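Enquirer: Right, I'll just put the structure down here and ask away after.
Rendered as C-alpha cells:
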C-alpha cells in the first residue's frame, strides 16, 4: 500500500483527525498552544486563563494579521489583544500558510471531507516516497504533542498498575471515549482517587502508542470536577488527616520572634507578593522567594518542589511563608492535596500560611504552624514583634528616666528639709553657733560634693538618655542655693550687726524679763564684743 | 549566627523590662543604685535600638539557583 492513510480500518480512529484540520492550521494551532503553555506557566495560571482553546482555534482558522482582525476572533477582547496581541500576530506571521510539518504527511483532504477517495489521495501524493507506519505515527505524534488540552469527562474504567494507571473517560451525553494514562507518581501527587462514575478534569497531551496504534491521552494532572465533588474530597481528606493528628494544636510550633531569613513560596505574578513585601516593612530581613504557580491543581508539583527545596536547606531559614490571593475552592485545589499538606506538616521550618479563603480554609493552611487570612496579614504577623520591641524600648526609656527624676527630686526635697531643721536648731541654741556652723559647712560641702559627683555622672548619661537629667540636677542646685540664702539670712552675726544683741544671765540666754532679777549681772553680746551690765530695773511691757 | 543576634535582642529587651520593673517596685529609689540601673538601661536601649533600626529587606529569587542544580 502506498498511502498509509487509506491503509486499514484500524487507522480510521485518527484518520479523521489528520484530515479535518488542514496542516498549516494544525501547525499554527500547535504553535499557539505551545506559546500558551509557556505564557501560562510564566504567569502561574491555567492555560485556559491565557486564552481558551476556542480562541486559539479561531486564530488558527482566521490567521489575523492586524490587531483589529485579531479582535474579530471570538474570545479575544481589548484586554487580551493588548496583553498578547503582538506575540500572537508574530506567531501567525512566522507560520506562513501552506507550511507542512512533515513531508508527505496528512496534507490531504484540505476540503475537510472525512472520507476522501483513496485515488485522490494517491494523486495528491504522487511522486512522494511512502512513509513507513512508524514514520507516519512519529509524525502524528509530533503534531499531537502540540495539542495539549484540558478535558472533562466521567471515569468509565480504571486499571491501576505499579508504575502507570490506565483509565478512560467518556461523556455522559454521548459515547465519546478517551483512553488515558498517568504515571503512578503523578497520580499519587494528584491526591485524586479514580472511581468509576466520578466526574474529573484531566490535563495532558495526546499520543499514539505505536505498537498498538492506539491513541492515549497522557495525563499530567487530574482534578475532581464540580464544587460538590471537590467538597466531598476535601471533607474525606480532612477527616483522614485530622484522625492522624496532622492539625493537632500540640503540633503547632511558635513562630520565631525575630526571623532573619524568610523562605517565601508564592507566584511571581499577582498581588500576593507585592502585598506581602510592602506590608513587611523595613525589618532588614532576608527574603528568599521560590516562585511557584499557585493556581489550580497544576500548581501541586511546583509547590511540592518549592517546599522540598526549602526543607533541604532548613537550617538556613527561620520561617517559611506560603501565600496566595483568595480564590474559589477549585482554584485552591493544590493546597488541598494530600502530598502538599503532608509536606507542610512535616516541614522542619516553622510555617505560616496566608492562603486567604474565608469559607473553605485549605488543608495546607490548617497544617501550617500558623494560618492567617491574607498575605498582608502574614506580613503583619511577622513584623508584630518588631513593632512591639520598638514600643517597649521607647516606654522603658521613658519609665527609667521619669523614675530617676522622681528619685532625684525626692532626695533634694529631703535635703531642703534637713537644712531647715538645722537652721531651727541653730537659732535656738546660739552659743553652739560656731560649732554648728562649721558642722553645717562640712555637711553642706559634703552634700555639694555628692551632688557634683551625681551631676558629673548625670552629664555623662545625658548624652545617651536625653534631657531630663540636666533639669533635675539644676533643680537640686537651685534648691541648694536657696537653702544657702536662707541660711545666710538667719545668720546670728548678721542679726547682731543690725543692732540686735544676745543677752545672757549666768550663762543662760535671756528672752523674758522674768528671767532676771535686780542687781544681777548680764553679759550682752554685740557684733564686735561683749558688754557687762547690771540690772537697774525691770518692767514688763504689759 | 542569626540565632545569636536574635537571642541577644530578645534578652536585651527582657533585661530592660526587668530594670523598668525594678524602678516600679522601689518605694524610695536609692540614688546610687538607681544611677547604676539607669546606666545599664541606657546601654541596653542603645544596643536594642541598633538592632531594631529600620533597614531594607534583602530579596532574592532562589529558583534559578535550583535550575543550575539540575533538579
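Residue numbers (the working numbering), protein chains in the order written: chain R, -18 to 523; chain P, 8 to 78. Cβ atoms here follow ideal geometry from the backbone N, Cα and C, with glycine treated the same way. Fair warning: this is a prediction, and the values are worked out from it, not measured in the lab.
Tell me which residues of the region 251 to 268 of chain R have at least one Cβ-Cβ distance to chain P shorter than 8 Å, keeping chain order.
Expert: Listed by position, the residues of the region 251 to 268 of chain R near chain P (Cβ gap below 8 Å) are 258, 261, 262, 263, 264, 265, 266, 267 and 268.
Enquirer: Over the uninterrupted beta strand (DSSP E) stretch that includes residue 161/R, give me the two end residues.
Expert: Its beta strand (DSSP E) spans residues 158 to 164.
Enquirer: On the DSSP letters alone, give me the boundaries of the beta strand (DSSP E) that residue 199/R sits inside.
Expert: Start and end: 195 to 205.
Enquirer: Can you give me the Cβ contacts of residue 77/P inside the same chain, cut-off strictly under 8 Å, excluding the 5 residues immediately before and after it?
Expert: Its pLDDT being 38, under 50, residue 77/P is placed unreliably in this model, and the value from its coordinates should be taken loosely. Within the same chain, residue 77/P has no close Cβ partners at all.
Enquirer: So that I know if they touch, is there some Cβ in chain R lying closer than 8 Å to that of residue 23/P?
Expert: Closer than 8 Å to some Cβ of chain R, the Cβ of residue 23/P qualifies, so yes.
Enquirer: Along the chain, where does the beta strand (DSSP E) that runs through residue 38/R open and close?
Expert: From DSSP, residue 38/R is part of no beta strand (DSSP E) but of the alpha helix (DSSP H) over 34 to 43.
Enquirer: How many Å lie between residue 19/P and residue 28/P at the Cα?
Expert: Between residue 19/P and residue 28/P, the C-alpha separation is close to 14 Å.
Enquirer: Would you identify the three-state DSSP class for residue 355/R, choosing helix, strand or coil?
Expert: Of the three classes helix, strand and coil, the one that applies to residue 355/R here is coil, per DSSP.
Enquirer: Run down chain R in chain order and give the residues with a C-beta less than 9 Å from the C-beta of residue 132/P.
Expert: Outside the displayed span of chain P (8 to 78) sits residue 132/P, for which this structure offers no information.
Enquirer: Using a beta-carbon distance below 8 Å, is residue 163/R in contact with chain P?
Expert: Answer no: the Cβ-Cβ gap between residue 163/R and chain P never drops below 8 Å.
Enquirer: Which residue or residues does DSSP assign as beta-bridge partners of residue 346/R?
Expert: Answer by DSSP bridge pairing: none, since residue 346/R is not bridged.
Enquirer: With a cut-off of 8 Å, does the C-beta of residue 57/P fall near any C-beta of chain R?
Expert: Residue 57/P does not count as touching chain R.
Enquirer: Opposite residue 147/R in the DSSP bridges: which residues?
Expert: Per DSSP, 140/R and 162/R.
Enquirer: For chain R, find out if any of its Cβ atoms is closer than 8 Å to the Cβ of residue 54/P; answer yes or no.
Expert: With 8 Å as the cut-off, residue 54/P does not count as an interface residue toward chain R.
Enquirer: Determine, using beta carbons only, whether residue 127/R and residue 254/R come nearer to each other than 8 Å.
Expert: Taking 8 Å as the Cβ cut-off, residue 127/R and residue 254/R do not qualify as a contacting pair.
Enquirer: If you run the structure through DSSP and keep just helix, strand and coil, what is residue 97/R?
Expert: Its pLDDT being 43, under 50, residue 97/R is placed unreliably in this model, and the coordinates cannot settle the point.
Enquirer: Report yes or no: is there a C-beta of chain P within less than 8 Å of the C-beta of residue 21/R?
Expert: False, the Cβ-Cβ gap to chain P never drops below 8 Å.
Enquirer: If you measure from the beta carbon of residue 18/P to each beta carbon in chain R, is any gap under 8 Å?
Expert: Answer no: the Cβ-Cβ gap between residue 18/P and chain R never drops below 8 Å.
Enquirer: Note the first and the last residue of the continuous alpha helix (DSSP H) segment covering residue 257/R.
Expert: Taken as a continuous stretch (DSSP letters only), the alpha helix (DSSP H) holding residue 257/R covers 252 to 261.
Enquirer: Is it the case that the Cβ atoms of residue 187/R and residue 257/R are separated by a distance below 8 Å?
Expert: Not a contact, by the Cβ cut-off of 8 Å.
Enquirer: Spatial neighbours of residue 39/R within its chain, please: C-beta separation below 8 Å, excluding the five flanking residues on both sides.
Expert: These residues qualify, in order along the chain: 54, 55, 56 and 57.
Enquirer: Are the C-beta atoms of residue 374/R and some chain P residue less than 8 Å apart?
Expert: Closer than 8 Å: yes.
Enquirer: Nearest chain P C-beta to residue 182/R closer than 8 Å, yes or no?
Expert: Chain P contact via Cβ: absent.
Enquirer: Determine which residues share a DSSP beta bridge with residue 304/R and list them.
Expert: 335/R, per the DSSP bridge assignment.
Enquirer: Residue range of the beta strand (DSSP E) that residue 123/R falls in?
Expert: Careful: residue 123/R lies outside any beta strand (DSSP E), inside the alpha helix (DSSP H) at 114 to 126.
Enquirer: List the residues of chain P whose Cβ lies closer than 8 Å to the Cβ of residue 355/R, in chain order.
Expert: Within 8 Å Cβ-Cβ: nothing; residue 355/R doesn't reach chain P, min ~19 Å.
Enquirer: Could you name the residues of chain P that residue 315/R contacts, counting a contact when the two beta carbons are closer than 8 Å?
Expert: Within 8 Å Cβ-Cβ: nothing; residue 315/R doesn't reach chain P, min ~17 Å.
Enquirer: Using the three-state DSSP reduction, which class does residue 65/P fall into: helix, strand or coil?
Expert: The answer is strand: DSSP assigns residue 65/P an E or B state.
Enquirer: Can you list the residues of chain P that residue 166/R reaches, using a CB-CB cut of under 7 Å?
Expert: Within 7 Å Cβ-Cβ: nothing; residue 166/R doesn't reach chain P, min ~15 Å.
Enquirer: Determine, using beta carbons only, whether residue 371/R comes closer than 8 Å to chain P.
Expert: Yes, residue 371/R lies at the interface with chain P (some Cβ there is under 8 Å from its Cβ).
Enquirer: What residue does the beta strand (DSSP E) around residue 188/R start on, and which one ends it?
Expert: Taken as a continuous stretch (DSSP letters only), the beta strand (DSSP E) holding residue 188/R covers 180 to 190.
Enquirer: Could you have a look at residue 271/R and say whether DSSP puts it in helix, strand or coil?
Expert: Three-state result, residue 271/R: strand.
Enquirer: Give a yes or no on whether the minimum CB-CB distance between residue 153/R and chain P is below 8 Å.
Expert: So, not an interface residue.
Enquirer: Nearest chain P C-beta to residue 384/R closer than 8 Å, yes or no?
Expert: Judged by the 8 Å Cβ criterion, residue 384/R is in contact with chain P.
Enquirer: With DSSP as the reference, identify every bridge partner of residue 484/R, one or two as the case may be.
Expert: Partner(s): 505/R.
Enquirer: Please classify residue 101/R as buried or exposed, where buried requires at least 16 other C-beta atoms within 10 Å of its C-beta.
Expert: The predicted position of residue 101/R is uncertain, since its pLDDT is 44 and thus under 50; a value taken from the coordinates is nonetheless stated next. So residue 101/R counts as exposed.
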